[in-house]
Every structure is written in C-alpha cells, then in structure tokens.
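Reading through the structure tokens given below for one structure.
There are 2 protein chains.
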Amino acid sequence: MSAVQPLRRQTVVDELAGVLRTEILNGVVPAGTPLREVELAGAYGVSRHTLRAALRLLAGEGIVEIEPHRGARVASLDRAQLAGLFEVRTALEVEGARLALARNGGRLPARVHADLAALAAATRRARVAWSTVADLHARLHAGIVAAAGSDRLDAEYARLAAELRLFLLQLRPVWTLERMRTHHEELVAGLEGEGPEALRRHLEDGAAAVFAALD
Amino acid sequence: MSAVQPLRRQTVVDELAGVLRTEILNGVVPAGTPLREVELAGAYGVSRHTLRAALRLLAGEGIVEIEPHRGARVASLDRAQLAGLFEVRTALEVEGARLALARNGGRLPARVHADLAALAAATRRARVAWSTVADLHARLHAGIVAAAGSDRLDAEYARLAAELRLFLLQLRPVWTLERMRTHHEELVAGLEGEGPEALRRHLEDGAAAVFAALD
DNA sequence: GAATGTAGAATTGTGCAACAATCAGCGGAC
DNA sequence: GTCCGCTGATTGTTGCACAATTCTACATTC
Chain A
95 MSAVQPLRRQ
105 TVVDELAGVL
115 RTEILNGVVP
125 AGTPLREVEL
135 AGAYGVSRHT
145 LRAALRLLAG
155 EGIVEIEPHR
165 GARVASLDRA
175 QLAGLFEVRT
185 ALEVEGARLA
195 LARNGGRLPA
205 RVHADLAALA
215 AATRRARVAW
225 STVADLHARL
235 HAGIVAAAGS
245 DRLDAEYARL
255 AAELRLFLLQ
265 LRPVWTLERM
275 RTHHEELVAG
285 LEGEGPEALR
295 RHLEDGAAAV
305 FAALD
Chain B
95 MSAVQPLRRQ
105 TVVDELAGVL
115 RTEILNGVVP
125 AGTPLREVEL
135 AGAYGVSRHT
145 LRAALRLLAG
155 EGIVEIEPHR
165 GARVASLDRA
175 QLAGLFEVRT
185 ALEVEGARLA
195 LARNGGRLPA
205 RVHADLAALA
215 AATRRARVAW
225 STVADLHARL
235 HAGIVAAAGS
245 DRLDAEYARL
255 AAELRLFLLQ
265 LRPVWTLERM
275 RTHHEELVAG
285 LEGEGPEALR
295 RHLEDGAAAV
305 FAALD
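Residue numbers (my numbering), protein chains in the order written: chain A, 95 to 309; chain B, 95 to 309.
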C-alpha cells in the first residue's frame, strides 16, 4: 500500500474553528470585534461549550484574544506587538531559508521559482485584485520556508503568517505592484547569490514600509 | 502612578492547566501517559468541561496530544519531531542572540554573565542535583533570548523550551558537568567575540550530543 | 457639571446530567 | 488463525442551571 492520507477526523469543534478562522482571516469579522458566546453558538447551531472550545483553539493560534469574564474578541495588535511578530517571523524565515539553501546546494527548489514567476506575472496584469497578489506573495514566502523540509518549521511559520495576515488586513497595501515584483525578484536572486542575509534585508524593508504606513 | 501589575485573574481552567503543566514538566506524569477525563476531573474536583478546556490549553502548548475519540496523553516526540523542535529552537535563539548583541553594542547584559557564573559555580560543587544544573542551564539560554528585549520572542521561546524539557526528561544527561561548564563559558565568550554564529555551533553540538544519546 | 455610587441586565465561568459516537478488548463462527 | 459482532469504556456534544463578574444606565453627592 502506498502512503496513505493522514486521515484525521473532523470534530465539530475543529470544523467550527475552521469556519471562524476563515471568516476572521478574510476580514469578514474585523479585528477587535467581540465574539459573544450565545450569539455565535446560536448562529452556528452548536452548544455554548462547543463554541467556547473553538474560541480557545483560535486563542491558542493567536487570532482571538480571551480575557476572563470579558469574553473573546478578534485579536488586534498594537505597534509593539506587531514589531515582536516581525521579529519572530524573521527568525523563522531566515533560518528556514538558511536550511533550505544548505540542503539544496545553495539553490532554491523549482517551486519557489515557480511561485516567484506567478507573483511576477500577477503584478504585470492590468487589473488584478490585491488579495490575489497578497496570496501569491504569502505563498512565495511560505515556499521558501517549506524548502527547508521541516514540518515543524512550516507549522510555526504558518501560525505566525496567519496572525500577520490578520493584522495586515487592516492596512492598505504598502507596496506598488512594480515594487512588489522587483523586490521579490531581487530576493530570490539574492538568496541564491549571497545567502540568507538577503532575506533579512528584504524583511527589514518590508517591516519598515509597514511601520511607515502606520504613521 | 508607576507601572501597575498586569493583574490577571486566574480562572479555574488556568489554575488547573498550571498544576497539570507543572506535574508533566517535572516528570511526575511520564510522557505517553493517557490522561483520562473522568479520572482527572474527579481527582482535581472540577467538571469534565473544565478539565477538557485545560487539556486543550496544554495541547496548544505542545505538551499534551489530543486525538479525537482517543483522548489526551502526555506528548512524546519521535526523533524527527525532536529534530524539528531543535530547528525552530535554533531559529529563535540565534535570532534572539543576534538582536541582543545588536541592541547592546555587541555585549551581553549583566544578567547573562550572572547566569553563566551561577551555572559554572554549580558545576564545580561536589554534589549537585542534575535538575539544578538543568534549571540553571535553561535559565542561561532563556536569558540570552530575553536580552533581545522582545516579549513575543520570549514567549515563543518559553513554549519551545517547555516542550524540549518534556522530551529531555526521558533522557539521561548527555554532558558531564565539566563539559557543561566549558561549553557555556565558550558560548558566552564566543557570542561577544564573534557574534551569534557561535550560538548556532553551540546548539548544533548540543543537538548532536542528544541524538547520539538516542542511539 | 463632574465624580461617585448603585441596582439591574448582560455576559461569562463552571457544574451536572444525559446521550450519541467512537474505540478497545473479547469471545465465537468459520 | 482470521474475521465478526458484541459489549463496556471513553470521548464528543448538548442542554440547562446557577454563580461570578462585568457592563450600563441612572441616581446621588459635592
């Protein structure tokens, strides 16, 4: 028998958490929105206990905040928290890139180049939804980390990326399409040319742009 | 008024999770032990829901594993998972050290030196419990990360450190006291002399020693 | 009028009991 | 020996109840 699927059953709590996560990460429920238990439990037709379990799950992922007796709300980050998030992201992504390059003889796998091409192509289209570009962008970065071949690193990075996405939802795009394209073409070239430090520079640029947009 | 305490109330779930966490991380409940709901709920005098919430919390921290309809058990890592854990740890800790050095003019703060001195002193004592050395060791590494001054980085690192500790509980010490001392004296000197790459080497040595002990 | 205090509503935290869904072990049929 | 179904144990989910806490609006005091 060939490699079977992980085959993990979906419990109601997981399913519910999945739906809520999707809504939150797509901006349907804006950051800071209070999540009332009876209201949501009724809306989704589940018991309050089940809903609470789902909220706790999402709180563990960082996209929901729970305060005792004050309820849950969609997480929102202040500037300092965002800075911390960027620091951890940099740590994971730079190390991921380092491992990826070390394990592939200084090159990045085909998937990363394909992702870059897809992103570049999108930025050249006359009319393209920003969300499409954002998704391709996120995919490129995740692909670089994935190239390290570490499931655990992937999982941690995905968690952070979700949190980051939640925050960036509130923000207007900070880069033009052209700048998005050139920056990432330089990134991939820089990674294969000079190594993982190119990624650090890239991320620092991005962070600076985001913080500048906050003022 | 000066900076007030965070003042966070303890809910029963948090309290319970704290007790369970302590027991697990101290090896009172060995890795792999099944955690039955009715049994534990009865033992701690809480409702099954409360216990389940606590278990979910610990599952989010990675020290408990939950499989649908099969229950919770104290987490246990196989070799591959341990390798992944080390990769993420290296990512966070090296980046933490990098930030710490960059933000302190290439030096490490007094606390780190004090932690090193405490660890060195312990390793010179005639009779010392290994757990004492292990705690001082963990404190030194956490202190290096903390020197970066990033709460978020600290939190993520603490989470990983707990998981790692859970695993290492099953292992006999891989280093002699003397090697523990010299390795960490070299580490601190190396960090201030050549920079964060010294930490990467240090961690790679440690990982190699752990994996060697597994065979 | 602003600060303070207070009653009631709204919301969350926890418990109890029940039942459905699933799993684990065991003995019988072939 | 392997497969099958049975049965008890365990988890998943629900509903209701009530305590604890927070929130809101209003009244009181200075």
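Beta carbons: idealized from backbone N, C-alpha and C, even for Gly. Predicted, not measured: the structure shown is a model, and the values here were computed from it.
Can you tell me whether residue i is helix, strand or coil according to DSSP?
{"i": "I118/A", "result": "helix"}
{"i": "S265/B", "result": "Reading off the sequence, residue 265/B comes out as Leu, not Ser. Reduced to three states, the DSSP call for L265/B is coil."}
{"i": "V107/B", "result": "helix"}
{"i": "R167/B", "result": "strand"}
{"i": "L202/A", "result": "coil"}
{"i": "I238/B", "result": "helix"}
{"i": "V227/B", "result": "helix"}
{"i": "V140/B", "result": "coil"}
{"i": "V188/A", "result": "helix"}
{"i": "V222/A", "result": "coil"}
{"i": "V282/B", "result": "helix"}
{"i": "V182/B", "result": "helix"}
{"i": "V94/A", "result": "In the structure as shown, chain A begins at 95 and stops at 309. Residue 94/A is therefore absent and cannot be evaluated."}
{"i": "A215/B", "result": "helix"}
How would you list, in chain order, the residues of chain B whose beta-carbon sits under 7 Å from the beta-carbon of residue i?
{"i": "P162/A", "result": "R103, T105"}
{"i": "S244/A", "result": "G178, E181"}
Counting contacts by CB-CB distance shorter than 8 Å, is residue i in contact with chain B?
{"i": "R76/A", "result": "Absent from the model: residue 76/A. The displayed extent of chain A is 95 to 309, so no value can be given."}
{"i": "A241/A", "result": "no"}
{"i": "V168/A", "result": "no"}
{"i": "E109/A", "result": "no"}
{"i": "G154/A", "result": "yes"}
{"i": "A147/A", "result": "yes"}
{"i": "H143/A", "result": "yes"}
Verify the contact flag: residue i, CB atom, against every heavy atom of the ligand HEM, threshold strictly below 7 Å.
{"i": "R205/B", "result": "In the structure on display, the ligand HEM does not appear, and there are no ligands present to speak of."}
Measure how close the beta-carbons of residue i and residue j come, nearest whole angstrom, since I'm counting them as under 8 Å.
{"i": "V282/A", "j": "V188/A", "result": "That pair is no contact at about 15 Å."}
{"i": "A185/B", "j": "A185/A", "result": "5 Å"}
{"i": "G243/B", "j": "R173/B", "result": "Not really, about 35 Å apart at Cβ, beyond 8 Å."}
{"i": "A307/A", "j": "V268/A", "result": "5 Å"}
{"i": "H277/B", "j": "D299/B", "result": "7 Å"}
{"i": "R246/B", "j": "Q104/A", "result": "With 8 Å as the limit, R246/B and Q104/A do not qualify as a contact, their Cβ atoms being about 31 Å apart."}
{"i": "L179/B", "j": "D209/B", "result": "No, L179/B and D209/B are not in contact; Cβ-Cβ is about 23 Å, not under 8 Å."}
{"i": "A241/B", "j": "L202/B", "result": "6 Å"}
{"i": "R142/B", "j": "E131/B", "result": "5 Å"}
{"i": "L260/B", "j": "I157/B", "result": "5 Å"}
Who are the neighbours of residue i on chain B, taking C-beta pairs under 8 Å?
{"i": "T184/A", "result": "E189"}
Can you pull the chain A neighbours of residue i, defined as C-beta to C-beta under 8 Å?
{"i": "L247/B", "result": "G178, E181, V182, A185"}
{"i": "L193/B", "result": "E181"}
Is the shortest distance between the beta-carbon of residue i and the beta-carbons of chain A less than 8 Å?
{"i": "A301/B", "result": "no"}
{"i": "R150/B", "result": "yes"}
{"i": "E250/B", "result": "yes"}
Across the stretch 159-169 of chain A and the stretch 160-171 of chain B, are there enough close Cβ pairs to call them in contact, namely three or more that are closer than 8 Å? no
Counting beta carbon pairs with one atom in the stretch 147-155 of chain A and one in the stretch 105-120 of chain A, are three or more of them shorter than 8 Å? yes
Flag this pair as touching only if the stretch 116-125 of chain B and the stretch 211-218 of chain A have three or more C-beta atom pairs under 8 Å; answer yes or no. no
Just checking, does the stretch 188-199 of chain B make contact with the stretch 282-293 of chain B on the three C-beta pairs under 8 Å criterion? yes
Does the stretch 219-228 of chain B come close enough to the stretch 239-258 of chain B to have 3 or more Cβ pairs within less than 8 Å? no
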